[in-house]
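Here's the structure we're looking at; comments come further down.
What follows is the structure in structure tokens.
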């Protein structure tokens, strides 16, 4: 796992996280599934 994250990657990750947060707030029932999927993809 590479710990170095470029500015561009950090910005993309921040946008992705904000989109995910919005989706969770709109549909709280699926938050656990979304979070698990998101974390799984990032490892």
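Numbering (the UniProt record's numbering), first residue to last: 1 to 43.
By construction, the Cβ of each residue, glycine as well, lies at the ideal position given by its N, Cα and C atoms.
Which of helix, strand or coil DSSP assigns to residue i
i, result
"residue 6", "coil"
Nonlocal neighbours in the same chain, by C-beta distance under 8 Å from residue i, ignoring five residues either side
i, result
"residue 26", "none"
Own chain, CB closer than 7 Å to residue i, minus 5 neighbours either side, in chain order
i, result
"residue 15", "none"
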